[in-house]
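I have placed the structure first, in the form of structure tokens, so that the comments after it can refer back to it.
Protein chains in written order, with the working numbering: chain D, 1 to 444; chain A, 1 to 445.
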């Protein structure tokens with residue numbers, strides 16, 4: 001990696017880059033710029049308000065994801081749901097991996113072309129600055145967005161009724177991890193705060209190195225969780241870790257001098273700061289604007305969601321609980337309610353918070369949410385892999401529920417006949433609370 | 001580097017600069033910190049620096065005894081505490097009422113000694129030398145703590161895979177600690193990696209060049225441990241919090257240098273003060289010997305000791321015993337009379353789980369699980385935890401496939417047990433998921 005550390009010498013005369021350094025820089029530049037701007041998940045485009053950013057994010061993502069879809073179908077002959085772009089919470093779909101491969105291949109080609117064509121220049125300090133700047137913004141925005149999703153404890157919700165009543169051996173590793181972190185909203189909030197702090201630190205020039213190191217620590221733990229508990233954000237989390245290491249890279253030598261050799265040292269990344277006062281001021285203004293927009297939008301949207309969930313939890317709907325699906329019919333013919341994998345639904349859990357879980361006949365759970373419109377007497381049920389459907393509610397007696405699809409859905413969606421499954425009203429897991437003194441460890 | 005005097009030996013060594021005068025508040029804070037951590041690091045009884053010496057476990061026990069017994073006396077006679085909390089009892093954990101009282105006594109001693117120290121030692125304006133002694137002690141203590149817990153995870157057996165009792169229990173009936181333990185124990189490789197990180201932190205701590213990096217890594221790791229302990233009710237809060245505080249004390253002298261480096265971006269140098277400064281060559285050799293002893297303890301003694309423990313589990317997993325499973329206690333009798341087996345809280349035990357890894361889990365009538373130590377299927381031996389006496393050793397007899405009879409070996413007032421097998425699933429979806437690089441949907445169930 002670039003050797004940009006003139007120790008204590010004047011920062012204006014950076015050392016000449018070796019051919020290997022030049023090549024690695026060009027590759028890192030091509031690959032990470034493409035990934036940072038085109039990966040489509042919590043990118044820095046999101047800071048641009050009024051949905052403009054969303055459109056830009058989608059446009060930049062489009063070429064990669066569509067070429068990946070084409071390759072999936074025609075080159076790799078992927079079959080089934082994996083062969084098509086589909087709405088999912090997973091960032092590790094076959095198409096995501098192929099899109100990443102496309103970026104990698106493109107980056108290698110561009111690097112070779114660049115090296116062949118640009119023989120006059122032996123270093124790229126300006127481009128290095130821009131790359132670092134964009135990666136700092138990318139990481140800052142990502143850490144703040146993921147951090148806020150935990151500060152307002154939404155990313156991991158309170159344990160679902162479906163999970164609380166299931167033997168541990170029947171859960172999936174990810175459900176186990178999610179339940180663990182979601183169990184204590186305060187714990188989740190502290191984890192989120194750590195991520196937000198890391199994100200804010202990495203944004204600003206002065207604290208970028210500290211923020212990058214902190215981000216690397218935090219994201220390492222996320223990467224380990226994602227790999228060992230089968231959380232499908234492996235690709236994205238790994239990239240966040242790599243990007244933070246790219247930001248630390250120019251300072252590795254001074255960190256070694258300082259921490260291991262115990263010699264006087266300064267962070268060398270300063271060399272990469274804009275030279276003039278004015279440019280530095282502009283940088284700071286852009287960063288502050290990005291920070292305020294990201295944090296402001298996240299706080300507004302997520303804060304609204306958590307207020308709604310908390311209000312629901314305080315006054316749970318009388319429909320909250322487990323409902324077993326007795327029959328699903330369309331025009332008096334059996335027509336299953338299909339989940340994302342095409343397996344029929346057997347039960348739906350309406351959580352007190354307004355979230356929902358659909359259980360399919362293979363015992364998999366599908367996240368979602370529901371909203372009840374008291375005036376229209378309708379229930380909108382959304383499930384990942386199925387989408388949202390608005391049903392008219394009929395309740396012949398307290399233990400039975402008939403959901404009849406309304407509007408355009410009436411022609412395609414089945415009517416659901418459900419029976420309530422009695423559930424416990426208390427769970428020891430949620431009642432243990434905090435104990436400073438323990439004569440024995442409580443396991444049960 | 002910058003020290004002038006060693007208070008304990010009154011020798012003047014070469015000076016490069018005179019230490020600054022400390023403010024009275026700083027001096028007071030230092031004295032409290034010094035006395036408290038000296039007492040805690042040597043007297044807390046859990047993974048202390050004594051362990052690096054030959055016969056260290058016994059020394060550790062002796063050093064903790066005065067505090068434990070003063071705490072017990074305080075609990076019984078001053079606080080008039082009742083029940084199990086008022087007596088020293090083997091718990092496997094360190095947040096018993098008596099542990100908190102012992103720590104409070106140490107703090108009280110520190111608060112009492114600090115002002116007295118003022119009276120005796122008025123003229124001294126700084127404690128640079130003593131501070132280096134404290135830093136040396138705490139650095140080694142921290143390294144021992146990280147080694148002990150790191151090696152246990154490396155094998156990995158600090159956190160066992162989810163018990164058969166837990167796999168078949170609805171999640172909502174579990175305790176938060178069991179949930180945490182099951183999640184961390186579910187993935188042995190994850191646990192091993194966590195152990196590696198703790199061991200790396202300990203190794204970095206021991207080398208003077210990387211000691212600060214090791215301290216910072218320890219702080220990050222221990223902060224995570226403390227959060228787990230606090231939020232999931234793991235009763236190692238006191239020890240983990242003290243270890244974290246120790247790490248902060250060890251890092252503190254370099255805080256301003258790190259501010260200069262990371263915040264001001266000014267040329268900065270670390271203090272590099274990792275051993276007490278002295279011209280006495282024998283003393284300096286002693287420091288090296290202590291560091292090497294810690295290294296030997298962490299890299300040889302602990303792995304060997306824990307290997308013996310781990311090989312029991314590994315052998316059991318490699319040769320699964322036909323006894324593995326859940327066994328319900330039909331009757332517990334002593335001399336023909338009903339005589340339940342009680343847990344630490346006085347509840348009768350209803351079920352015994354013989355785990356695939358040769359561990360034993362007991363379930364009490366109130367649903368609480370207890371670690372029942374181990375069983376040896378080959379020799380038909382079983383050891384059960386008892387809160388009131390030494391662990392009870394049983395021989396196992398199997399009249400038929402679904403019944404067991406346990407007879408105590410030496411203990412004449414322990415009950416004999418008659419057990420019936422409770423059928424359990426042979427496979428669990430949790431274990432069958434495995435690793436997936438590609439996921440079209442997040443898999444929840």
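Glycine included, C-beta positions come from ideal geometry on N, C-alpha and C.
Under a 10 Å Cβ-count criterion, residue 153 (chain A) is classified as buried, with 16 or more other Cβ atoms of the shown protein chains found around its own Cβ. Beta-carbon to beta-carbon, residue 220 (chain A) and residue 240 (chain A) are separated by about 13 Å, too far to satisfy the 8 Å threshold. With the criterion set as a beta carbon lying under 8 Å from some beta carbon of chain D, the members of the region 256–285 of chain A are 261, 262, 263, 265, 266, 267, 268, 269, 270 and 272, in sequence order. In the three-state reduction of the DSSP assignment, residue 81 (chain D) falls in the helix class. Among the residues facing chain A, residue 364 (chain D) is included, as its CB has a counterpart in that chain under 8 Å away. For residue 244 (chain A), same chain residues with a beta-carbon under 6 Å away, outside a window of 5 residues either side, are 222 and 226 in chain order.
Counting along the chain, the unbroken alpha helix (DSSP H) around residue 431 (chain D) starts and ends at 428–431.
Between the region 21–40 of chain A and the region 209–219 of chain A there are fewer than three inter-stretch CB-CB distances shorter than 8 Å, so the stretches are not counted as touching. Within the region 83–98 of chain A, contact with chain D at the beta-carbon level (separation under 8 Å) is assigned to 84, 85, 89, 91, 92, 93, 95, 96 and 97. Residue 266 (chain A) is classed as exposed because its beta carbon has fewer than 16 other beta carbons within 10 Å across all chains shown. Contact holds between the region 150–170 of chain A and the region 348–358 of chain A, because three or more Cβ pairs, one in each stretch, are under 8 Å apart.
Taking the Cα positions, residue 241 (chain D) is about 47 Å away from residue 280 (chain A). The beta carbons of residue 168 (chain D) and residue 174 (chain A) sit about 7 Å from each other, so the pair counts as a contact at 8 Å.
Taking a beta-carbon distance threshold of 8 Å, residue 358 (chain D) does not count as an interface residue toward chain A. Of all residues in the region 29–42 of chain D, none places a beta-carbon less than 8 Å from a beta-carbon of chain A.
Around the Cβ of residue 31 (chain A), a 10 Å sphere holds 16 or more other Cβ atoms; the residue is buried. Judged by their CB atoms, residue 361 (chain D) and residue 334 (chain D) are not nearer to each other than the 8 Å cut-off. Inclusion of residue 138 (chain D) and residue 243 (chain D) in the CB contact set at 8 Å is warranted, their separation being smaller than that value. The region 338–357 of chain D makes contact with the region 309–324 of chain D, as at least three CB pairs between them are under 8 Å.
For residue 177 (chain A), the nearest CB of chain D lies under 8 Å from its own CB, placing it at the interface with that chain.
At a cut-off of 8 Å between beta-carbon atoms, residue 166 (chain D) makes contact with chain A.
Below the 9 Å Cβ cutoff, chain A contributes no neighbours of residue 202 (chain D), its closest Cβ being approximately 13 Å away.
Taking the Cβ atoms as the reference, residue 384 (chain A) lies roughly 7 Å from residue 360 (chain A), within the contact range of under 8 Å. With the criterion set as a beta carbon lying under 8 Å from some beta carbon of chain A, the members of the region 323–356 of chain D are 340 and 341, in sequence order.
Listed along chain A, the residues sitting closer than 7 Å to residue 184 (chain D) by beta-carbon distance are 231. Under a criterion of Cβ atoms nearer than 9 Å, the residues of chain A adjacent to residue 440 (chain D) are, in order, 84, 89, 91, 92, 93, 96, 235, 343, 344, 345, 368, 370 and 387. The count of Cβ pairs closer than 8 Å, one atom from the region 18–28 of chain D and one from the region 119–128 of chain D, reaches three, so the stretches are in contact. The three-state secondary structure of residue 370 (chain D), taken from DSSP, is strand.
Non-local C-beta neighbours of residue 161 (chain A) in its own chain, meaning closer than 6 Å and more than five positions away in sequence, comprise 185, ordered along the chain. In this structure, residue 68 (chain A) and residue 98 (chain A) form a Cβ contact; the two beta carbons are roughly 6 Å apart against a cut-off of 8 Å. Closer than 8 Å to the CB of residue 265 (chain D) there is at least one CB belonging to chain A. In the displayed model, residue 174 (chain D) falls within a helix according to three-state DSSP.
Legend: CB atoms of the region 146–159 of chain A lying less than 7 Å from CB atoms of chain D are not found in any residue.
In this structure, the straight-line span from the alpha carbon of residue 231 (chain D) to that of residue 300 (chain D) is close to 27 Å. Within the same chain, 155 and 157 come within 6 Å of residue 310 (chain A) by CB-CB distance, once the 5 residues on both sides are set aside.
Under DSSP, residue 443 (chain D) takes part in a beta bridge, and its partners are A:369.
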